[in-house]
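The structure under discussion appears below in the form of structure tokens.
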Amino acid sequence: MVRVFITGSADGFGLEAARQLVEHGHSVYLHARNQSRAADAKAACPGAAGVLVANLASMKETRELADQVNAIGNFDAIILNAGMLYGPFRKTPDTGIPAMVFVNVLAPYILACLLHRPKRLIFIASQLHQQADTSADDIFWFERGENGFQDFPAYCDSKLHVMLVANAVARRFQGTSVVSVHPGWVATKVGGADAPDKLEDGVETYVMLAEGEYDQNLTGKYFVPKKQIGTPLPASNDISLQEKVVKACEDVTGLKLSD
Ligand SMILES: NC(=O)c1ccc[n+]([C@@H]2O[C@H](COP(=O)([O-])OP(=O)(O)OC[C@H]3O[C@@H](n4cnc5c(N)ncnc54)[C@H](OP(=O)(O)O)[C@@H]3O)[C@@H](O)[C@H]2O)c1
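Residue numbers in the sequence shown follow our numbering, run continuously in steps of one, and reach 281 at the last position.
This is the structure we're talking about:
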């Protein structure tokens, strides 16, 4: 039996992975953005050990989530799965960062800084990181602002940035297997109605990583559906780019990613 925490598990990949892990007899903690979505999550996955609540577009709530998770105890696996794509800038009140970039990049950074280290830390990226601008300039849209914002390119960039964070974490956290995942292009709220891939193929990868059924000496790797290891954009392995993103996250949050 393993203890697993999955962010954004009221829907999509997170919910289905949680359901399967519960079926396999594991202790699974869900997460939802508010109380109403927490009730939905619990109803959809009644065997879960608990549901934690936090809006991951909020610095305060994301920090409080880390406290709640740490209070439960040690986790075997934590899957930083919550993400969003479509929609306008949605300026977050405490930082001015677009909500998508906060949820996709900054929330995983904050959680990586504050959570007690699990045996396996899994960042959910996307193959769309391959279409990102590799400059890692203006990660938080402070220079371009709301007028220049386009959700799709911003999403591609955010997924490269979260992989750069993941690989920086992998270099620092000795004894934790830290990986990134592209779960497949699937018809969820993020994937859109026309997506061609199967949810179960991505969920297979989540379940394998959560259960630790792979070589856990692997760290800084990129997994894809059907438990396979994929080939990421070479820029994701560029240490100076990783550190550029880490520094930007540190400047905004005041949190340092320790060794
Ligand atoms: N579907 C694809 O084709 C695809 C491809 C590549 C990568 N991904 C990635 O896979 C991950 C899971 O996405 P999905 O496809 O399963 O989509 P999904 O069904 O929309 O799931 C995303 C989850 O994140 C939660 N979330 C979003 N913003 C949040 C916030 N501010 N606070 C708390 N929770 C928040 C959502 O909550 P609500 O349910 O309440 O909205 C939802 O439970 C994401 O990181 C996504 O970028 C998906």
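Even for Gly, the Cβ is constructed at its ideal location relative to N, Cα and C. Quick caveat: nothing in here was measured; it's all calculated off a predicted structure.
Give the DSSP-derived three-state secondary structure of residue i in the structure shown.
i, result
"VAL268", "helix"
"GLN250", "strand"
"LEU240", "coil"
"GLY36", "helix"
"VAL274", "helix"
"HIS46", "coil"
"HIS53", "strand"
"GLY224", "helix"
"LYS113", "strand"
Compare the Cα-Cα distances from residue i to each of the options and report the closest residue.
i, options, result
"PHE111", "GLY36, VAL212, PHE164", "PHE164"
"ARG55", "GLU38, ALA39, ALA70, ASP33", "ASP33"
"SER148", "GLN90, ASP216, VAL201", "VAL201"
"ASP62", "SER31, ILE132, ASN92, HIS48", "SER31"
"SER199", "ARG139, VAL123, ASN96", "ARG139"
"ALA39", "GLU86, ARG85, ILE101, GLN57", "ILE101"
"GLY214", "ALA188, GLY109, LEU37", "GLY109"
"ILE28", "ALA176, ALA104, GLU222", "ALA104"
"PRO68", "THR253, GLU86, HIS48", "HIS48"
"ALA158", "SER280, LYS64, LYS269", "LYS269"
"VAL37", "MET23, LEU107, HIS53", "It should be pointed out that residue 37 corresponds to Leu in this sequence rather than to Val. It is HIS53 whose Cα lies nearest to the Cα of LEU37."
"ALA129", "ALA188, SER280, LYS64", "ALA188"
"ALA154", "GLU168, PRO254, ALA65, SER280", "PRO254"
I want to check one thing, is the minimum distance from the CB of residue i to the heavy atoms of ligand 3 below 7 Å?
i, result
"LEU78", "What this structure holds is ligand 1, not ligand 3."
I believe residue i touches residue j by the beta-carbon criterion, under 8 Å. Please report the beta-carbon distance rounded to the nearest angstrom.
i, j, result
"VAL212", "ILE161", "At roughly 20 Å, the Cβ-Cβ gap does not stay under 8 Å, so VAL212 and ILE161 are not in contact."
"VAL50", "ALA70", "5 Å"
"VAL73", "ALA60", "4 Å"
"LEU186", "VAL267", "4 Å"
"PHE124", "VAL26", "PHE124 to VAL26, Cβ: 24 Å. No contact."
Got a sec? Which residues, its chain only, sit under 8 Å from residue i by beta carbon, not counting five neighbours each side?
i, result
"THR227", "VAL203, PRO205, PHE245, VAL246, PRO247, LYS248, LYS249, GLN250"
"LEU277", "TYR131, ILE132, CYS135, LEU136, CYS271"
"PHE35", "ASN103, ILE146, PRO205, VAL208, THR210, LEU221, GLY224, VAL225, TYR228"
"GLY170", "TRP163"
Excluding sequence positions up to five away, which residues of its chain have a Cβ less than 6 Å from the Cβ of residue i?
i, result
"LYS243", "VAL201, ILE251"
"LYS121", "The sequence shown places Ala at residue 121, rather than the Lys named in the question. These residues qualify, in order along the chain: ALA79, ARG112, THR114."
Starting from the C-beta of residue i, find all residues in its chain whose C-beta is less than 7 Å away, skip the five residues before and the five after it, and write them out in chain order.
i, result
"ILE94", "TYR51"
"PRO218", "TRP207"
"ALA85", "It is Arg, not Ala, that sits at residue 85 in the sequence shown. Counting only Cβ-Cβ distances below 7 Å, and skipping sequence neighbours, we find ILE132, LEU136."
Exercise. Three or more C-beta pairs closer than 8 Å, one from the stretch 69-88 and one from the stretch 109-124: is that the case here?
Worked result: yes
Problem set entry | Inter-stretch contact at 8 Å, needing at least 3 Cβ pairs: the stretch 183-196 / the stretch 222-239 | no
Exercise. Would the stretch 172-180 and the stretch 258-269 be scored as touching if the rule is three or more Cβ pairs under 8 Å?
Worked result: no
Exercise. Are the stretch 126-145 and the stretch 44-60 in contact at 8 Å, needing three or more beta carbon pairs?
Worked result: no
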